[in-house]
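Residue numbers (full-length UniProt numbering): 1 to 131. The beta carbon of each residue, even a glycine, is placed where N, CA and C say it ideally should be. Predicted, not measured: the structure shown is a model, and the values here were computed from it. The next block holds one structure in the form of structure tokens; read it before the comments.
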Amino acid sequence: MNHGIYFKAWDGAITGTPPTGGGGGRGLVRNAVFRNFIFDRVQTGFQIVQNFGAPPGDVPVTSLVKLEKMKFENIRGTTNESTIVRFECSSVVGCSDIQFRNVEVTGPPNGTDKYICEYTKNLTGLPAPCN
Numbered sequence: 001m002n003h004g005i006y007f008k009a010w011d012g013a014i015t016g017t018p019p020t021g022g023g024g025g026r027g028l029v030r031n032a033v034f035r036n037f038i039f040d041r042v043q044t045g046f047q048i049v050q051n052f053g054a055p056p057g058d059v060p061v062t063s064l065v066k067l068e069k070m071k072f073e074n075i076r077g078t079t080n081e082s083t084i085v086r087f088e089c090s091s092v093v094g095c096s097d098i099q100f101r102n103v104e105v106t107g108p109p110n111g112t113d114k115y116i117c118e119y120t121k122n123l124t125g126l127p128a129p130c131n
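Here it is in structure tokens:
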């Protein structure tokens with residue numbers, strides 16, 4: 001399995017047509033709760049991608065789907081790689097008010113766990129700061 005918990009939103013630009021293309025839409029995800037997960041040896045523990053469907057190297061991320069007030073609770077697990085959290089949020093609307101509570105996810109032994117967060121605000125409860 002690639003990710004313990006994975007959330008994607010299309011890029012802000014229209015790319016192709018459904019069902020294989022998309023993007024360009026607006027939206028709001030609020031008060032989503034992810035609770036009582038256990039995962040073992042996933043690639044990344046938590047991943048948010050707000051540039052799904054964008055061309056490689058498409059910077060900045062322009063998704064217009066806002067993510068806010070998300071909670072991750074009672075989650076345990078391990079990852080095969082050192083990245084525990086990778087949030088690639090939109091430079092336009094970002095991700096805000098994300099809370100981790102009672103979360104214990106670790107990377108490989110002898111590694112340094114990484115928490116990567118782009119365009120996030122008010123992220124709380126991680127054991128180390130995002131970089």
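Rounded separation between residue i and residue j - CA only
i, j, result
"residue 12", "residue 52", "9 Å"
"residue 180", "residue 31", "Since the first residue shown for the chain is 1 and the last is 131, residue 180 is missing from the structure and cannot be characterised."
"residue 86", "residue 102", "18 Å"
"residue 125", "residue 77", "16 Å"
"residue 71", "residue 21", "29 Å"
"residue 129", "residue 100", "12 Å"
"residue 69", "residue 9", "16 Å"
"residue 117", "residue 127", "14 Å"
"residue 18", "residue 109", "42 Å"
Reduced DSSP secondary structure (H/G/I, E/B, other) of residue i
i, result
"residue 27", "strand"
"residue 126", "coil"
"residue 49", "strand"
"residue 1", "coil"
"residue 80", "coil"
Cβ-based burial, residue i [other Cβ within 10 Å; buried from 16]
i, result
"residue 104", "exposed"
"residue 14", "exposed"
"residue 75", "buried"
For residue j and residue i, believed in contact at Cβ under 8 Å, the rounded distance
i, j, result
"residue 73", "residue 33", "7 Å"
"residue 107", "residue 82", "4 Å"
"residue 96", "residue 131", "At roughly 18 Å, the Cβ-Cβ gap does not stay under 8 Å, so residue 96 and residue 131 are not in contact."
Pick from the options that is closest to residue i, judged by C-alpha positions
i, options, result
"residue 91", "24, 62, 70 and 4", "62"
"residue 27", "35, 94 and 102", "94"
"residue 79", "50, 111, 125 and 49", "111"
"residue 169", "2, 115 and 120", "An answer regarding residue 169 cannot be provided, because it is not within the stretch 1 to 131 covered by the chain."
"residue 84", "43, 25, 122 and 120", "43"
"residue 29", "50, 115, 100 and 117", "50"
"residue 47", "109, 22, 100 and 6", "6"
"residue 65", "100, 25, 39 and 36", "25"
"residue 98", "19, 4 and 119", "119"
Residue i CB to nearest heavy atom of the ligand MG below 7 Å
i, result
"residue 23", "By its list of ligands, the structure shown contains no ligand whatsoever, and the ligand MG lies outside what it can speak to."
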